[in-house]
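S.K.: Dumping the structure here so I can ask a few things about it.
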Amino acid sequence: MRIDEWLYMVGSRQFGLSSRYDCHIYALRGERGILLVDTGSGMGHDAVIAKLRSEFGDLSRGTILITHKHPDHSCGAARLHRELGWSIATSSHTAPLLISGDEDDCGLAEAQRMKSYPPEMRLNPVDVARVIEDGDVVELEGFALRAIRVRGHSADSFAYLFEHAGKRCLICADIVFYGGVIGLINTADSNMNGYKEDLPKLAGLGIDLLLPGHGLFTVSNGQIHIDAALKQIANGFIPRAIGQGDLIF
Ligand SMILES: [Zn+2]
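Oh and the sequence shown: position 110 is 110 in the numbering used here, straight run, nothing missing.
Shown next, in the form of C-alpha cells:
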C-alpha cells in the first residue's frame, strides 16, 4: 500500500495486508536500499515479501529496523532476515533478546498463555548487525535516523526521527498513536513513570509524518497527536491508552 512515492505499508493486521498478528510494517525507499520498519509476527511473512516484491521489484539491498521487542513487531525478524538477506538493526535494549530468542522477555510466552498468540508463533534467534544507542544518529539505507528511547510502552521502545522529502518524520512504534493515545499496557515494564520521564523528548519536534505501529498514520501535523498525550500527562492525567484493548485493536 503506497503512502507516498518513497513510503509503503507492506504488512498490517488492521489494514488487512498480512497476518492478523502483525503490527504495521513500513517500507521506506532510501537512496541506497529499502528500510523495513518492524517485521510483524512471522505468521504472514510470505504476504510481506510478496508486497515488497510488487512495490519495489529489486529487493537486493535492505535493512530491517526493529523498534521494540514485542512479538507482533519482532517475531518475523528471523524469517525476513533469512529470506531477504537483509541485516537487522535495533537498540542495545532489544538486541540481546533478539539474539537469544527470549520468548519470555519479549512477552510471547505470556501472550500465548493468554491465547493472544498461537503456539506456532516463535521468536527465533537472529543476528543483530547494528546496535543503536539512545541519541545515536544512524545512517540506514540513506536515511539519517535519530534514535530516541521512550520508556512507558516497554522499557526498550525507541522512536526514530528523520527528515525526508521536505517532511519531518517520526517512527513512533507503540509509544504514541493518532489522537494522543499512548501505548500503556498491562505488562511488567509498561508504566506511566516511563511516559512521564521520556515522552517529553518528543515535544517540539515539529513532526509532520507520524508512523505508529498500529492504528492511523498521518502525513501532516503529526506533532498534534504527540502534544495531545503530553498535555494530559503534564496536567496529571493518564491519556487514553491502548491497554483497554478496544481503542485500536
Ligand atoms: Zn508493543
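Glycine included, every Cβ here is placed at the ideal spot set by N, Cα and C.
1. Applying the 10 Å Cβ sphere with the 16-neighbour rule, what's the burial state of A234?
2. Rounded to the nearest angstrom, what separates A78 and N124 at their Cα positions?
3. Helix, strand or coil for A307, going by three-state DSSP, please let me know.
4. Rounded to whole angstroms, how far is the Cβ of T67 from the Cβ of G213, which I believe are closer than 8 Å?
5. May I have the straight-line CA-CA distance separating L216 from F15, to the nearest angstrom?
6. Nearest to R20 by alpha carbon, out of H45, I185 and A165?
7. Based on DSSP bridge pairs, tell me the residues matched to V176.
8. So, for Y263: in the same chain, excluding its five sequence neighbours on each side, which residues have a beta-carbon less than 6 Å away from its beta-carbon?
9. Could you check where the beta strand (DSSP E) with M9 kicks off and where it finishes?
10. Can you tell me whether I66 is helix, strand or coil according to DSSP?
11. Put Y195 into one of helix, strand or coil per three-state DSSP.
12. Going by CA-CA distance only, name the one from I175, G236 and H70 that's closest to Y117.
13. Using a threshold of 8 Å, is the CB atom of A109 nearer than that to any non-hydrogen atom of ligand 1?
14. Nearer than 8 Å: is that true of the beta carbon of S154 relative to any heavy atom of ligand 1?
15. So which residues put a beta carbon under 5 Å from any heavy atom of ligand 1, going in chain order?
16. Is the stretch 93-105 touching the stretch 168-178, taking contact as three or more C-beta pairs under 8 Å?
17. Per DSSP, what kind of secondary structure is V150 in: helix, strand or coil?
18. Let's see if you can read the secondary structure: which residues bound the alpha helix (DSSP H) around L36?
19. Using C-beta distances below 6 Å, list every residue in its chain close to R146, excluding the 5 sequence neighbours before and after it, in chain order.
20. Alpha carbons only, please: which of E103, A50 and L210 is nearest the one belonging to H164?
21. Can you tell me whether R61 is buried or exposed? The criterion is at least 16 other CB atoms within 10 Å of its CB, across all chains shown.
M.R.: With the structure as the only source:
1. exposed
2. 6 Å
3. A query on residue 307 cannot be resolved here, the shown segment of the chain reaching from 1 to 249 and no further.
4. 7 Å
5. 10 Å
6. H45
7. I182
8. For residue 263 there is no data in the structure shown, the boundaries of the chain being 1 and 249.
9. L7 to G11
10. strand
11. helix
12. H70
13. no
14. yes
15. H70 and D174
16. no
17. coil
18. Where L36 is concerned, there is no enclosing alpha helix (DSSP H), although the beta strand (DSSP E) it sits in stretches over I34 to V37.
19. V137 and L161
20. L210
21. exposed
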